[in-house]
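Trainee: The sequence shown begins at -10 in the numbering used here and counts up by one. Glycine residues also receive a C-beta, built at the ideal position from the N, C-alpha and C atoms.
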Amino acid sequence: MLANLECLLVSIGFLAGGVCADTDVQCDSGLKEGVEAAEGYCYNKTIHRCVYTKATGFSYGHVFPTEEMCNWKCRAHTDCLQPKNQLGESTCGQPQLMYYYDKDSCQCILFIDRGCQDNGNSFPTLRECTVTCL
-10 MLANLECLLV SIGFLAGGVC ADTDVQCDSG LKEGVEAAEG YCYNKTIHRC
40 VYTKATGFSY GHVFPTEEMC NWKCRAHTDC LQPKNQLGES TCGQPQLMYY
90 YDKDSCQCIL FIDRGCQDNG NSFPTLRECT VTCL
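#1: Would you tell me roughly how many angstroms separate the C-alpha atoms of cysteine 63 and threonine 119, rounded to the nearest one?
#2: Taking the alpha carbon of glutamate 57 as the reference point, which residue from Tyr90, Pro84, Asn108 and Tyr32 has its own alpha carbon closest?
#3: With H, G and I counted as helix, E and B as strand and the rest as coil, what does DSSP make of leucine 123?
#4: Less than 8 Å between the C-beta atoms of tyrosine 90 and cysteine 69, yes or no?
#5: Of all the beta strand (DSSP E) runs that stay within the bounds of the stretch 66 to 110, which reach a length of 3 or more residues?
#6: Buried or exposed: where does glycine 6 fall if 16 or more other Cβ atoms within 10 Å of its Cβ makes it buried?
#7: Taking just the CA atoms, how far does leucine 86 sit from arginine 103?
#8: Just the C-alpha distance for valine 65 and tyrosine 41, rounded to the nearest angstrom, thanks.
#9: Taking Cβ positions, are phenylalanine 53 and tyrosine 30 nearer each other than 8 Å?
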């Protein structure tokens, strides 16, 4: 029942066709051939991001009309459930302030990302973290 309500709300809120399909199918990062020409955002599991595409024969799974819808549908069910990136004191890149979603407290929390390994649960802004994960 809840899944049906979620699909109904997404359909009404974003006016996008096909959003009630299985999340794994929609968010599959495999490059697919033979997709009709479409413009929008697709989830790429390799880089944990929704990327803009003009699908003209190839696409990363389902094409969403907005980046926020792609994030909400794909990242919320995968990346937001990951723990905060923790790799000790090692620094692999330029340290920067980012937000991660803490599923235990249901909050987006500021942390220093040392750029070592991105598991997807790191967001450049509080807004992006909140819109994606809450």
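Mentor: Reading from the atomic positions:
#1: Roughly 14 Å between the two C-alpha positions.
#2: That would be Tyr32, whose Cα lies nearest to the Cα of glutamate 57.
#3: Three-state result, leucine 123: coil.
#4: Yes, they are a contact pair.
#5: Qualifying beta strand (DSSP E) stretches, in chain order: 85 to 91 and 96 to 102.
#6: Here the model assigns glycine 6 a pLDDT of 32, short of 50, so the residue's position is not dependable, and the following value carries that caveat. So glycine 6 ends up on the exposed side.
#7: Annotation: arginine 103 to leucine 86 spans about 9 Å, alpha carbon to alpha carbon.
#8: Sequence check: residue 65 is alanine here, not valine. So the alpha carbons of these two residues sit roughly 18 Å apart.
#9: In this structure, tyrosine 30 lies closer than 8 Å to phenylalanine 53 by Cβ.
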